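*Asks:* Structure below; questions to follow.
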Amino acid sequence: MSVLCTGSVAVDFIMVYGGRFQDVILPDKIRMLNVAFHVPELRKSFGGTAANIAFNLRLLGEDPIILATVGNDFAAYGEWLDRHGIRRDWIRELEDAVTAGAYIITDLDDNQIIGFHPGAMDRAHEAKLADVDQPFEIGIVSPNGKTAMVENARGLKKRGVTTVIDPGQGLPLFDGEELVELMEGARVYTVNDYEWSVTLEKTRLTEAEVAKRVGAVVVTRGERGSILLRDGDRQEIPAVAPERVVDPTGCGDAYRAGFLFGLERALSLETCARLGSLMGSLMVEEQGTQSLTLDLDAFRARFEREFGASF
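Numbering (this note's numbering), first residue to last: 29 to 339.
What follows is the structure, given as structure tokens:
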């Protein structure tokens with residue numbers, strides 16, 4: 029069985045600003061913002077939430093399925109996926125569009141400002157869930173075109189598939205009522221701490237009320253670890269300290285891959301979150317979102333050292 033990854037496939041343009049946003053973005057001038065950042069470092073890499081998650085799942089020995097749309101400039105990216113053994117049977121190429129692109133500026137505190145051109149992703153609903161004829165038991169709905177996110181969430185839940193909802197950068201597309209429908213009945217709803225605040229504000233629900241609508245809520249908080257909410261219980265999952273901090277881009281996607289890896293193996297949600305923490309930490313140690321290499325034996329040994337248990 030496989031894990032189905034629905035969401036964006038994109039090209040990332042990553043720029044590093046050698047200062048701190050807080051030093052140049054003045055709160056009292058925010059309504060008349062006109063700021064330029066000098067970014068001497070620029071990297072182009074393959075990314076997109078669905079593809080990043082799939083890439084990391086493949087490193088963990090999974091055989092993920094990507095359901096997405098891309099544009100007429102996808103050839104090089106497609107060859108990259110082929111080289112890494114990631115199937116693209118259900119990635120639909122649109123000849124009259126370009127592949128989505130993310131333009132990311134990161135500062136010295138690992139804060140990020142992101143501009144995203146959706147391109148072919150806006151027509152992601154043209155890649156149909158019904159066309160996937162490969163068996164899978166888990167599906168994740170990650171940032172994508174709004175129609176695709178809604179249709180995929182409904183379709184996965186209707187099939188009775190274990191469904192993970194990860195709205196991410198797509199969160200602003202939904203009002204409170206739409207967001208409740210998206211998450212309701214899902215096995216896991218996962219967001220970062222900022223997105224969690226937005227979720228509570230949009231839905232006007234309490235943490236406990238949201239947790240009642242899903243099997244569990246996972247809130248990632250970077251170096252402060254993550255929170256697992258379920259059945260009225262709140263559990264802190266510690267972060268794994270990276271050996272070096274190189275680039276936070278893609279850390280969240282790596283966390284989700286580790287979590288899905290554990291979920292596919294029917295491990296406890298605590299173990300899933302710990303696997304996510306370790307994958308996220310390893311990703312921070314590398315540049316780019318699909319640059320990690322992994323030795324599974326070393327990964328298991330590191331997990332045991334960090335958490336005092338095996339998986």
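C-beta atoms are modelled at their ideal positions from N, C-alpha and C, and glycine is treated no differently.
These figures come from a predicted structure and were not determined experimentally.
In the DSSP assignment, what residue or residues form a beta bridge with G188?
*Replies:* Taking the sequence shown and counting its residues from 1, one reaches residue 188 at position 160. DSSP, once it has assigned bridges, lists no residue as partnering G188.
*Asks:* So, are the CB atoms of P173 and T127 less than 9 Å apart?
*Replies:* For this step, residue 173 is matched to residue 145 along the sequence shown. For this step, residue 127 is matched to residue 99 along the sequence shown. It should be pointed out that residue 173 corresponds to Gly in this sequence rather than to Pro. Cβ atoms of G173 and T127: not closer than 9 Å.
*Asks:* Assuming T227 and L207 form a contact by the criterion Cβ under 8 Å, report the distance between their Cβ atoms to the nearest whole angstrom.
*Replies:* As a first step, residue 227 is located in the sequence shown; it is residue number 199 there, counting from the start. As a first step, residue 207 is located in the sequence shown; it is residue number 179 there, counting from the start. Their Cβ separation, rounded to whole angstroms, is 7 Å, which keeps T227 and L207 in contact under 8 Å.
*Asks:* Measuring CB to CB, does E334 end up less than 9 Å from S305?
*Replies:* The sequence position of residue 334 within the sequence shown is 306, counting from 1. The sequence position of residue 305 within the sequence shown is 277, counting from 1. It is a contact, given that the beta carbons lie within the stated cut-off.
*Asks:* In chain order, which alpha helix (DSSP H) runs of at least 4 residues are fully inside the segment 223-261?
*Replies:* Fully enclosed alpha helix (DSSP H) runs of 4 or longer: 235-241.
*Asks:* For N62, count neighbouring Cβ atoms within 10 angstroms of its own Cβ and tell me buried if that reaches 16, exposed if not.
*Replies:* Counting from one through the sequence shown, the residue named residue 62 turns up at place 34. The residue in question, N62, is exposed, as its Cβ has fewer than 16 Cβ neighbours within 10 Å.
*Asks:* Report the three-state DSSP secondary structure of N100 (helix, strand or coil).
*Replies:* Residue mapping note: residue 100 aligns to position 72 of the sequence shown, counting from 1. Note: N100 maps to coil in three-state DSSP.
*Asks:* Please classify E19 as buried or exposed, where buried requires at least 16 other C-beta atoms within 10 Å of its C-beta.
*Replies:* Only positions 29 to 339 of the chain appear in this structure, which leaves residue 19 out of reach.
*Asks:* Straight-line CA distance for L70 to Y131?
*Replies:* Here the question's residue 70 lines up with position 42 in the sequence shown. Here the question's residue 131 lines up with position 103 in the sequence shown. Roughly 10 Å between the two C-alpha positions.
*Asks:* In three-state DSSP terms, what is E90?
*Replies:* As a position in the sequence shown, residue 90 is number 62, starting the count at 1. In this structure, E90 counts as coil in the three-state DSSP scheme.
*Asks:* Per DSSP, what are the beta-bridge partners of A4 in this structure?
*Replies:* Within the shown structure, residues of the chain are numbered from 29 to 339, placing residue 4 beyond reach of any answer.
*Asks:* Looking only at its chain, what residues have a beta carbon closer than 6 Å to the beta carbon of G76, apart from the 5 residues adjacent to it on each side?
*Replies:* In the sequence shown, the residue the question calls residue 76 occupies position 48. Closer than 6 Å at the Cβ level, and outside the excluded window around G76, lie S36, V37 and A38.
*Asks:* Identify which residue in T231, D203, E205 and T191 has its Cα closest to the Cα of T218.
*Replies:* If you number the sequence shown from 1, residue 218 lands on position 190. Checking every option, the nearest Cα to that of T218 belongs to T191.
*Asks:* Does chain D have any CB closer than 9 Å to the CB of V219?
*Replies:* In the structure shown, chain D does not exist; there is a single protein chain.
*Asks:* Could you tell me whether any non-hydrogen atom of the ligand FAD is closer than 8 Å to the CB of T231?
*Replies:* Absent from the structure shown: the ligand FAD. Ligands present: none.
*Asks:* Under the three-state reduction of DSSP, which class applies to I81: helix, strand or coil?
*Replies:* Your numbering for residue 81 matches position 53 in the sequence shown. Helix at I81.
*Asks:* Taking three-plus beta-carbon pairs below 8 Å as touching, is the segment 274-290 in contact with the segment 80-95?
*Replies:* Output reads yes: the segment 80-95 touches the segment 274-290.
*Asks:* Does the separation of the CB atoms of A244 and S309 fall below 9 Å?
*Replies:* Walking along the sequence shown from the start, residue 244 turns up at place 216. Walking along the sequence shown from the start, residue 309 turns up at place 281. No, the Cβ-Cβ distance between A244 and S309 is not below 9 Å.
*Asks:* Only counting runs of 3 or more residues, tell me where the beta strand (DSSP E) segments fall wholly within the segment 105-174, in order along the chain.
*Replies:* Runs of the beta strand (DSSP E) inside the segment 105-174: 119-121, 128-134, 140-145 and 164-169.
*Asks:* Quick check on the burial criterion: 16 or more other C-beta atoms within 10 angstroms. Buried or exposed for R328?
*Replies:* Position 300 of the sequence shown, counted from the first residue, corresponds to residue 328. Under this definition R328 is an exposed residue.
*Asks:* State the beta-bridge partners of C33 as determined by DSSP.
*Replies:* In the sequence shown, the residue the question calls residue 33 occupies position 5. DSSP output for C33 lists I94 and I168 as bridge partner(s).
*Asks:* Around the Cβ of E314, are there at least 16 other Cβ atoms within 10 angstroms (buried) or fewer (exposed)?
*Replies:* If you number the sequence shown from 1, residue 314 lands on position 286. Buried is the call here.
*Asks:* Go ahead and label T234 buried or exposed: buried means 16 or more other beta carbons lie within 10 angstroms of its beta carbon, across all protein chains shown.
*Replies:* Translated into positions along the sequence shown, residue 234 becomes position 206. T234 comes out exposed.
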